[in-house]
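Peer 1:
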Ligand SMILES: CC(C)(COP(=O)(O)OP(=O)(O)OC[C@H]1O[C@@H](n2cnc3c(N)ncnc32)[C@H](O)[C@@H]1OP(=O)(O)O)[C@@H](O)C(=O)NCCC(=O)NCCS
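Numbering (my numbering), first residue to last: 1 to 162.
1. Does at least one heavy atom of ligand 1 sit under 7 Å from the Cβ of residue 128?
2. Between the C-alpha atoms of residue 10 and residue 43, what's the straight-line distance to the nearest angstrom?
3. Buried or exposed for residue 21, going by 16 or more other Cβ atoms inside 10 Å?
4. Identify the continuous alpha helix (DSSP H) that holds residue 15 and give its terminal residues.
5. Flag residue 120 as yes when its Cβ comes closer than 7 Å to any non-hydrogen atom of ligand 1, and as no otherwise.
6. In whole angstroms, what separates the C-alpha of residue 66 from that of residue 19?
7. Would residue 107 and residue 144 be called neighbours here (beta carbons separated by less than 8 Å)?
8. Starting from residue 142, trace the beta strand (DSSP E) both ways and give me its first and last residue.
9. Just to confirm, is the Cβ distance from residue 73 to residue 61 under 8 Å?
10. For ligand 1, I want to know if residue 14 counts as a neighbour, meaning its beta carbon is within less than 7 Å of at least one of the ligand's heavy atoms.
11. Going by the C-beta, is residue 86 closer than 7 Å to any heavy atom of ligand 1?
12. Assign residue 127 to buried or exposed, taking buried as 16 or more other Cβ atoms, counted over all protein chains shown, within 10 Å of its Cβ.
13. Can residue 86 and residue 124 be called in contact, C-beta distance under 8 Å?
14. Pick out whichever of 148, 141, 118 has its Cα sitting closest to the Cα of residue 75.
15. With a CB to CB cut of under 7 Å and the five nearest residues on each side skipped, what residues in its chain are close to residue 23?
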């Protein structure tokens with residue numbers, strides 16, 4: 001049986017990440033160059049969900065100095081594997097990564113016509129904080145959400161930061 005895991009992305013993942021990005025987003029896509037940059041960036045966390053050699057999904061978190069809010073810049077799951085809770089697992093991992101980096105809140109923007117993603121965030125405790133008109137390249141508006149992150153329980157073993 002092939003085990004599923006969420007791990008830090010490496011440079012060998014970027015071609016597959018670009019294919020996933022192209023399938024998942026019609027506009028405002030990350031480029032190969034930006035994936036390469038974020039693999040190495042100290043102010044980003046780019047993690048992939050793997051099953052054997054396959055990449056089933058990924059997320060990208062960005063940090064700003066002196067901000068207690070981490071930003072979920074992107075999250076996507078391979079179209080063949082949607083509706084099985086993989087995005088929820090990636091989101092939970094992103095929340096832990098943000099907390100490990102000392103952030104108290106996780107913020108994000110989502111297209112206002114993206115019902116699956118809006119449902120994902122609202123069901124997992126993200127609070128609507130406002131709308132931004134004309135946010136995406138094609139003129140679509142965004143909904144902005146934020147979630148306060150739990151403190152890690154004292155004495156709980158740290159998860160691998162790989
Ligand atoms: C949004 C996305 C990441 C969800 O991935 P997923 O693995 O299918 O999501 P999950 O199976 O973990 O489901 C999470 C929640 O979303 C909801 N959801 C998933 N697909 C849905 C759909 N087609 N319609 C409505 N709700 C949907 C589910 O109801 C689920 O909530 P529940 O389990 O509490 O009922 C995926 O559709 C995707 O990659 N889309 C393209 C990229 C994208 O839009 N990313 C978000 C950018 S902000």
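We treat Cβ as the ideally placed atom computed from N, Cα and C, and that holds for glycine.
Peer 2: Judging by the given coordinates:
1. Residue 128 sits at position 128 when you count from the first residue of the chain shown. Checking every heavy atom of ligand 1 against the Cβ of residue 128, none is found closer than 7 Å.
2. Translated into the one-based positions of the chain shown, residue 10 becomes position 10. Translated into the one-based positions of the chain shown, residue 43 becomes position 43. So the alpha carbons of these two residues sit roughly 15 Å apart.
3. Taking the chain shown and counting its residues from 1, one reaches residue 21 at position 21. Per the 10 Å Cβ criterion, buried.
4. Locating residue 15 in the chain shown gives position 15, where the first residue counts as 1. Counting along the chain, the alpha helix (DSSP H) containing residue 15 begins and ends at 14-24.
5. The residue given as residue 120 occupies position 120 in the chain shown. Checking the Cβ of residue 120 against ligand 1 gives yes.
6. Counted from its first residue, the chain shown places residue 66 at position 66. Counted from its first residue, the chain shown places residue 19 at position 19. Cα to Cα, the separation comes out at about 34 Å.
7. Position 107 of the chain shown holds residue 107. Position 144 of the chain shown holds residue 144. Going by C-beta atoms, residue 107 is nearer than 8 Å to residue 144.
8. Residue numbering aside, residue 142 sits at position 142 when the chain shown is read from its first letter. Where residue 142 is concerned, the enclosing beta strand (DSSP E) stretches over 142-148.
9. Mapped onto the chain shown, residue 73 falls at position 73. Mapped onto the chain shown, residue 61 falls at position 61. Result yes, Cβ atoms of residue 73 and residue 61 sit closer than 8 Å.
10. Taking the first residue of the chain shown as position 1, residue 14 is located at position 14. No, Cβ of residue 14 sits at least 7 Å from all heavy atoms of ligand 1.
11. Reading the chain shown from its first residue, position 86 is the one you call residue 86. Result yes, Cβ under 7 Å from ligand 1.
12. For the purposes of this step, residue 127 is taken as the residue at position 127 of the chain shown. Label assigned to residue 127: exposed.
13. Residue 86 sits at position 86 when you count from the first residue of the chain shown. Residue 124 sits at position 124 when you count from the first residue of the chain shown. It is not a contact, given that the beta carbons lie outside the stated cut-off.
14. Sequence index remark: in the chain shown, residue 75 carries index 75 (1-based). The option with the nearest alpha carbon to residue 75 is 118.
15. Within the chain shown, residue 23 is the residue found at index 23, counting from 1. Excluding residues within five positions, the ones whose Cβ falls inside 7 Å are 79.
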